[in-house]
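Remarks on the structure that follows.
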Amino acid sequence: MSNTKKAPQGSNLDELEQHENTKNDSKTVIVPIGSSLSEAAEELDEPADILDFFELDKKNSKWKVGNDRFIKCLVRLGYRTIELGKAYEFVKIENCIVERAAPTQVKQHILSLCDDSDKRDVIIGNTRLFSDKFLDAIKLEKLAMHRDTPTVSFFYYNNGVLKVSKDGWELIPYQQFKKLVWRDHISDRDFNPADYKLGQFYDFIKKVCANDAERIKGLMTTIGFALHDYKTSATSRAIIIQDEMFSDTPEGGSGKGLIVVAIGKLRKTINMDGKNFDAKNNFVWENVNESVRVIHIDDVRTGFNFEDLFSVITGGFQNVNRKNKAEFSLPVEDSPIIIITTNNVVRGASGSFLRRQIAVDLHQYFHSERTPHDQYGNFFFEEWSEAEWEMFDSFMIACVQLYFAEGVLPCKGEDDPVKRAVKATSQTFVEWFQDTELLSTEYSLSEARNQYKDHSDIRSSISGKRIGNYIRECAKIFGFEVKQISNRHPRTYTLVKTTKQSVLSVRDDEIPF
Numbered sequence: 000m001s002n003t004k005k006a007p008q009g010s011n012l013d014e015l016e017q018h019e020n021t022k023n024d025s026k027t028v029i030v031p032i033g034s035s036l037s038e039a040a041e042e043l044d045e046p047a048d049i050l051d052f053f054e055l056d057k058k059n060s061k062w063k064v065g066n067d068r069f070i071k072c073l074v075r076l077g078y079r080t081i082e083l084g085k086a087y088e089f090v091k092i093e094n095c096i097v098e099r100a101a102p103t104q105v106k107q108h109i110l111s112l113c114d115d116s117d118k119r120d121v122i123i124g125n126t127r128l129f130s131d132k133f134l135d136a137i138k139l140e141k142l143a144m145h146r147d148t149p150t151v152s153f154f155y156y157n158n159g160v161l162k163v164s165k166d167g168w169e170l171i172p173y174q175q176f177k178k179l180v181w182r183d184h185i186s187d188r189d190f191n192p193a194d195y196k197l198g199q200f201y202d203f204i205k206k207v208c209a210n211d212a213e214r215i216k217g218l219m220t221t222i223g224f225a226l227h228d229y230k231t232s233a234t235s236r237a238i239i240i241q242d243e244m245f246s247d248t249p250e251g252g253s254g255k256g257l258i259v260v261a262i263g264k265l266r267k268t269i270n271m272d273g274k275n276f277d278a279k280n281n282f283v284w285e286n287v288n289e290s291v292r293v294i295h296i297d298d299v300r301t302g303f304n305f306e307d308l309f310s311v312i313t314g315g316f317q318n319v320n321r322k323n324k325a326e327f328s329l330p331v332e333d334s335p336i337i338i339i340t341t342n343n344v345v346r347g348a349s350g351s352f353l354r355r356q357i358a359v360d361l362h363q364y365f366h367s368e369r370t371p372h373d374q375y376g377n378f379f380f381e382e383w384s385e386a387e388w389e390m391f392d393s394f395m396i397a398c399v400q401l402y403f404a405e406g407v408l409p410c411k412g413e414d415d416p417v418k419r420a421v422k423a424t425s426q427t428f429v430e431w432f433q434d435t436e437l438l439s440t441e442y443s444l445s446e447a448r449n450q451y452k453d454h455s456d457i458r459s460s461i462s463g464k465r466i467g468n469y470i471r472e473c474a475k476i477f478g479f480e481v482k483q484i485s486n487r488h489p490r491t492y493t494l495v496k497t498t499k500q501s502v503l504s505v506r507d508d509e510i511p512f
């Protein structure tokens, strides 16, 4: 029987009472595709019958292996070949749990069932049985792996599957669940609810949100969005976690990475080096597969082109190349979410950019001189007690419930005009704009373009039209108006302060350039 707790709409797990653990005492059985657990238990052969592929060679009275019966034995043991785009993967299915298998694992499994030394010698010496070409004969299946629905999320723990909606949660024993789950999606701990508000991670979240209730809710709903394993081209967005205030000498350490690690404790995550990330590299996504749920692009460099991710965010991963393997594709529904962490500003302020991203600004309570370890006296996740883990899990589930109840709420810090200007143009352009004599002289677009190229030492061409657009964007943000002075060729312009005092004139000491 499953343990069920229902919460009032909009409530969090801290309002729920403790419940007894559900223990999974079922004996191990093999689950054929399409069969229920009870059917599988009835059909499971004894080890002596499983090894019915051995045949006695009449010529020399020695054991040999019948090919067809050996393949059928592997199928009964739960081994399958699955299709992934144009590639194939070899897996093992047991108790509705799926994991990738290697030929060596198959060999060890067969040997563990074989107690006759002569038969073991046949298995050990017959390397052909465990070659990729031979194992290709194993039954090909299209697995329907379990996923979240639009309003329900599932999390996999040692003591059961946690079913979460905005109204509550239910812990379902695996013997009642009967859905296919990746083994590497199962968290190696039990789920036991606790008061998350007493936990270190919730206190950490409050601090990186400057103890602002609205920002805390915003970050919680963003975490909930990341944990919700359901995507369509209309709902898919990348998460960008950045520092609240922009600086030309960012030092990091504000806690961005810890938030991604936290998400990875419930959803399978792969990490990519943002400094060397190149979306145009043929093999950039080669480590992505159908069981990956989060891609973390860590510490992206200045000038990172978010537009390069547009297609994978809304269209999935198409024709992905892998070294020495066939290419594969993942539709957006089966694709992982992308989380970007950065000490810089990810450029892009148009509707196309904003529709594809959720921006999170972290208050820089933590930094190189005050780390979470300094604050809490332990390393998160590595040195936690069982009680701390229970409070952490309860917090993460509360994030999902809050997301289901209210959607993604903004998690914005103080309005930083420099950050807005960089997003609308580029960091090098904003540096030039604030240093140039443009603010006190007349200029033509060609003159502005040449000044900018000299200042930034860029070699690529930039049009006068783009320079003009950039100047207008920065002027508007910093409290200036572009005024045309002359119609004659070349046309000349000047910048004048608007009636509202310009940002540049009142915040010069705060501008980091």
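Residue numbers (numbering that gives the first Met the number 0): 0 to 512.
The beta carbon of each residue, even a glycine, is placed where N, CA and C say it ideally should be.
Just so we're clear, the structure is a prediction, and the values are computed from it rather than from any experiment.
Counting only the Cα atoms, ILE461 lies some 56 Å from PHE190. Apart from the 5 residues on each side of it in sequence, LYS162 sits with its Cβ closer than 7 Å to the Cβ of VAL151, PHE153, TRP168, GLU169, ILE171 in its chain, given in chain order. For CYS410, the beta-bridge partners assigned by DSSP are VAL359. Under the three-state reduction of DSSP, ALA325 is assigned to strand. The secondary-structure analysis by DSSP pairs LEU139 across a beta bridge with THR80. Separation of the CB atoms of ILE296 and PRO335 is rounded to 11 Å, and the pair is thereby denied contact status at 8 Å. Cβ atoms of THR424 and GLU381 stay farther apart than 8 Å, at about 42 Å. Under the DSSP assignment, GLU88 falls in the beta strand (DSSP E) whose first and last residues are 86-93. Each residue's CA atom was taken as its position, placing GLU446 and ALA474 some 17 Å apart.
Pairwise C-beta distances place the region 404-424 in contact with the region 335-350, as three or more of them are shorter than 8 Å.
Among the bridge pairs identified by DSSP, GLU480 is matched with VAL495. Excluding sequence positions up to five before and after PHE53, its CB lies within less than 7 Å of the CB of TRP62, VAL64, LYS118, all in the same chain and listed in chain order. Taking the Cα positions, GLY217 is about 58 Å away from ARG68.
Out of ASP166, SER130, SER186, the CA that lies nearest to the CA of ALA404 is found in ASP166. Restricting attention to HIS145, LEU329, ILE357, HIS454, the CA atom closest to the CA of THR340 is found in ILE357. Note on ARG214: 16 or more other CB atoms within 10 angstroms of its CB, so buried under the neighbour-count rule. Bounds of the beta strand (DSSP E) holding PHE53 are 53-56. One thing to note: VAL311 has its Cβ no nearer than 8 Å to the Cβ of PHE276. Ranking PHE305, LEU265, ASN280 by CA distance to the CA of VAL291 puts LEU265 first. In this chain, the alpha helix (DSSP H) harbouring SER393 covers 385-405.
The alpha-carbon separation between GLN363 and ASP414 amounts to approximately 15 Å.
GLY254 is the residue among ILE122, ASP360, GLY254, SER384 whose C-alpha sits nearest the C-alpha of HIS366. Here the alpha carbons of ARG236 and PHE309 stand approximately 9 Å from one another. A contact is defined here as three or more CB-CB pairs under 8 Å, and the region 386-396 meets this definition with respect to the region 190-202. Counted as a single uninterrupted DSSP element, the stretch harbouring GLY302 is not any beta strand (DSSP E), since DSSP gives it neither H nor E.
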